[in-house]
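Numbering (our numbering), first residue to last: 34 to 477.
Just so it is clear, CB atoms sit at the ideal spot from N, CA and C, and this is done for glycine as well.
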Ligand code: PLZ
């Protein structure tokens, strides 16, 4: 088993990775690009080992997926056993217990103690798409409200819900109809300042929907309780609760897309828990299954059960191997208190980032919760002009030094931290040292 230690054996990417990149160019569609083209051979917890023998510290978790760590013992054992038992029957043909057990766990851990039902799918986009289908059927309404900076996926409906054109939507239209976009409560960039953000964002949303759509035509509002790809935007206290209240008042369903923010990531089971907000429907994926493809839609029993038999499904949704991985991942989260670990990681990262911000005025904002933290880079703190080139340079610097980092944000100027929750404090601290070195080099 590989040691939890950074190793730089060659330049990054090394010769073997470069060879594979050349092979990729001849075989893989160029629309599928790689942020850090090192080819991984093995990974355990916070370390990825590449084909050149480099060992990189992982601050990305494959975009918030390997929450319980790569090579997690419980996941490996559960998956191995399940593969030996059977790999597939299709739950819609001949069902199996693992699917039911995952739905029970989802019903247990998602916000609220009301009667719930769940359905399983393969990807986050598929979960969001099904949540909208269910909301439309249950309400008999068409319109769906989405937010600036939102990311919900790459299928036609979820592309339409996603805000950013390049690279997600450019050239891929026409998009689905009946999607209405409203401003996101984005404290750092709210025109009149962060204090007024919650109240004014809610007022704008209410008035826009009233005038342009009509509340009675709205099936659902879809929101990431902490926005992911759009820049780790944390809405100000009161916004989610106010939104949920307004939805309830008008019979509009509140769909929380917790695909990125869910499963202990933010120091709660779900980001909605932070303010005690109880969504009508929650979508989950990523961290649920330790790297196996699995997603879920969990909602009020009356809504979920409104759908006719055969109305929901798919060949692979809730595949038994993915379900076995999910049960092992959730058990790990429960038994190893990964909610608590995410909070510890926040303390460590926040402390280091605050120090870094004293040194670099380009760090305009530090935000996030738990192990979902970010810094937003700006040209200067007055104008807040996005420093996208600097973000790219720091990112490249981290990669060259053996740290896997990711950027995000509508302007590409947000640097995000998504380590596996099983990473050690030593690797976290070393990662922050590397970030500091990369900042120094990029601003020199
Ligand atoms: N909802 C909130 O974060 C996926 C996308 C990476 P899928 N985010 C990473 C990329 O560039 O494709 C995501 C998300 C939220 C939905 C999704 C979609 O999940 O499993 O990628 O379909």
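Let me know the secondary structure DSSP gives residue i once reduced to three states.
i: residue 366; result: helix
i: residue 443; result: coil
i: residue 227; result: helix
i: residue 564; result: This structure gives no information on residue 564, because the portion of the chain shown stretches from 34 to 477.
i: residue 77; result: strand
i: residue 221; result: helix
i: residue 149; result: strand
i: residue 251; result: strand
i: residue 464; result: helix
i: residue 95; result: helix
i: residue 401; result: strand
i: residue 353; result: helix
i: residue 65; result: coil
i: residue 378; result: helix
i: residue 36; result: coil
i: residue 449; result: strand
i: residue 245; result: helix
i: residue 105; result: coil
i: residue 321; result: helix
Which residue marks the beginning of the alpha helix (DSSP H) containing residue i, and which one marks its end?
i: residue 166; result: 157 to 172
i: residue 393; result: Counting along the chain, residue 393 falls outside any alpha helix (DSSP H), and DSSP gives it neither H nor E.
i: residue 201; result: Note, residue 201: premise wrong, no alpha helix (DSSP H); not H, not E.
i: residue 278; result: 272 to 283
i: residue 425; result: 421 to 433
i: residue 456; result: It is not in any alpha helix (DSSP H) - residue 456 carries neither H nor E in the DSSP assignment.
i: residue 134; result: 130 to 142
i: residue 299; result: Where residue 299 is concerned, there is no enclosing alpha helix (DSSP H), given that its DSSP letter is neither H nor E.
The beta strand (DSSP E) that contains residue i, what's its start and end?
i: residue 405; result: 405 to 410
i: residue 316; result: 314 to 317
i: residue 288; result: 286 to 290
i: residue 331; result: 328 to 333
i: residue 176; result: 176 to 180
i: residue 214; result: 212 to 215
Count the other CB atoms within 10 Å of the CB of residue i; is the residue buried (16 or more) or exposed (fewer)?
i: residue 182; result: buried
i: residue 298; result: buried
i: residue 56; result: exposed
i: residue 342; result: exposed
i: residue 301; result: buried
i: residue 294; result: buried
i: residue 220; result: buried
Which value, in whole angstroms, describes the spacing of the CA atoms of residue i and residue j?
i: residue 453; j: residue 189; result: 31 Å
i: residue 466; j: residue 460; result: 10 Å
i: residue 254; j: residue 178; result: 5 Å
i: residue 151; j: residue 209; result: 25 Å
i: residue 172; j: residue 476; result: 53 Å
i: residue 405; j: residue 265; result: 8 Å
i: residue 196; j: residue 441; result: 13 Å
i: residue 397; j: residue 425; result: 16 Å
i: residue 161; j: residue 206; result: 19 Å
i: residue 232; j: residue 218; result: 9 Å
i: residue 383; j: residue 392; result: 14 Å
i: residue 433; j: residue 67; result: 15 Å
i: residue 110; j: residue 318; result: 21 Å
Closer than 6 Å from C-beta to any heavy atom of the ligand PLZ: which residues, in chain order? Working through the chain, the matches are 96, 156, 157, 158, 161, 184, 185, 186, 187, 257, 261, 262, 290, 292, 293, 318.
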